[in-house]
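*Asks:*
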Amino acid sequence: MEWMKAVQRLREQRRPGVLVTVLSVRGHAPREAGAKMVVAADEVWATVGGGNLESVAIERSRSLLAAGATEPEVLDFALSDKAPYQHGVQCCGGEVKLLLEPLPVVPSVAIFGVGHVGLELARILARHDVELHLVDSRPDQLTPERLSVLDDAVAGIHVHHVPVLPELVIAELPPGTHALVMTHDHAEDAALCDATLRNGQLATIGLIGSSAKWSRFRRKLAEDGHSAEAIDTIVTPIGLPDLPGKEPAVIAVSVAAWLLHLFVAERNTAPAPSEATA
């Protein structure tokens, strides 16, 4: 269905939208109950009947998007020539209720390096409503058998097979993605740090590793032309500093908890919803 594809597309691209559903119909109406339409700031998919009804629904949906609203609302329409209209007369003779449901923008996380720690972290994040990108240059780390532990995931899982130059995946990530660099190869990590800084649209760049590793990386990134301010946006080490332990599962829990704090901060800084009016 077109509207289902649109919802998935908006989710994967981290774009907000509104799902419009014909909630109920009395008498004659252009669409039956259950018909759906998806509205974004600059696009519309499917239809709830056209005419004044649809135009008003689109306008109201875009008002909700502009306000950052999160609560659904119901619009009532009388389809008669005596009803007030903003976009032409619709005199089918019936009554229609529309449900407008804002579609939230979910967090996006990219794990570069799905080794022991990366897989443990993926298992935790897969239980949350996120878009989860898994990237590794080693094909054996991304086999269906190894990733079968994610088969019951709540998250949307995106597996990127890139045997060469995994940093090319960065350009495919939606804006606002949290990128976590934890590969098996320090040279690969360094290339990813350079590429993530050049991207400029990521929410967070996190790097796993020691202080000695980071000192070398800082020098290299500076030599490659990155400013000190830009380099300082890379968070390392990642995770909760007061949670000790080097076991993969412990590190994964620490990083996941740190990310969840970031997700909460993102929600709290979103635009406050306005008062909805039908």
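Under our numbering, the first residue of the sequence shown carries the number 54, and numbering increases by one thereafter. Think of the CB as a built atom: it goes at the ideal place given N, C-alpha and C, for glycine as much as any other residue.
Just mark E300 as buried or exposed, buried being the case when its beta carbon has 16 or more other beta carbons within 10 Å.
*Replies:* Taking the sequence shown and counting its residues from 1, one reaches residue 300 at position 247. Result: exposed.
*Asks:* Buried or exposed: which applies to M235, given that a residue is buried once 16 or more other Cβ atoms fall within 10 Å of its Cβ?
*Replies:* Translated into the one-based positions of the sequence shown, residue 235 becomes position 182. Classification of M235: buried, given that the 10 Å Cβ count is 16 or more.
*Asks:* Is L72 helix, strand or coil by DSSP?
*Replies:* On the sequence shown, residue 72 is found 19 positions in, with the first residue counted as 1. Strand, per DSSP.
*Asks:* Can you tell me where the alpha helix (DSSP H) with A257 in it begins and where it stops?
*Replies:* By 1-based counting over the sequence shown, the position of residue 257 is 204. Before going further, note that residue 257 is Thr rather than Ala in the sequence given. T257 -> not in any alpha helix (DSSP H); beta strand (DSSP E) instead, spanning 257-260.
*Asks:* Whole angstroms are fine: how far does the CA of T123 sit from the CA of D129?
*Replies:* Indexing the sequence shown from 1 puts residue 129 at position 76. Indexing the sequence shown from 1 puts residue 123 at position 70. Cα to Cα, the separation comes out at about 20 Å.
*Asks:* Residue range of the beta strand (DSSP E) that K340 falls in?
*Replies:* The structure shown does not extend to residue 340, since the chain is modelled only from 54 through 331, so no value can be given for it.
*Asks:* Going straight from the alpha carbon of P228 to that of E107, what length do you get?
*Replies:* The residue given as residue 228 occupies position 175 in the sequence shown. The residue given as residue 107 occupies position 54 in the sequence shown. Approximately 30 Å, taken between the alpha carbons.
*Asks:* What residues are listed by DSSP as bridge partners for I177?
*Replies:* The residue given as residue 177 occupies position 124 in the sequence shown. I177 is not bridged to any residue.
*Asks:* Extract the residue ranges of the beta strand (DSSP E) inside the stretch 166-249, only unbroken runs of 3 or more that lie entirely within it.
*Replies:* 184-189, 209-214, 231-234, all fully within the stretch 166-249.
*Asks:* What is the DSSP secondary structure of I164, counted as helix, strand or coil?
*Replies:* Position 111 of the sequence shown, counted from the start, is the residue given in the question as residue 164. The answer is strand: DSSP assigns I164 an E or B state.
*Asks:* Measure the beta-carbon distance from G171 to R79 and round it to whole angstroms, keeping in mind my assumption that it falls under 8 Å.
*Replies:* As a first step, residue 171 is located in the sequence shown; it is residue number 118 there, counting from the start. As a first step, residue 79 is located in the sequence shown; it is residue number 26 there, counting from the start. Contact flag wrong, Cβ pair sits at about 55 Å.
*Asks:* Compute the Euclidean distance between the alpha carbons of S161 and G104, then round it to the nearest angstrom.
*Replies:* Along the sequence shown, one-based indexing puts residue 161 at 108. Along the sequence shown, one-based indexing puts residue 104 at 51. Taking the straight line joining both Cα atoms gives about 37 Å.
*Asks:* Exposed or buried, L72, counting other C-beta atoms within 10 Å across all chains shown (16 or more means buried)?
*Replies:* The sequence position of residue 72 within the sequence shown is 19, counting from 1. By the neighbour-count rule (16 or more Cβ atoms within 10 Å), L72 is buried.
*Asks:* Spatial neighbours of M90 within its chain, please: C-beta separation below 6 Å, excluding the five flanking residues on both sides.
*Replies:* Residue mapping note: residue 90 aligns to position 37 of the sequence shown, counting from 1. Same-chain partners within the cutoff: V73, A99, T100, V101.
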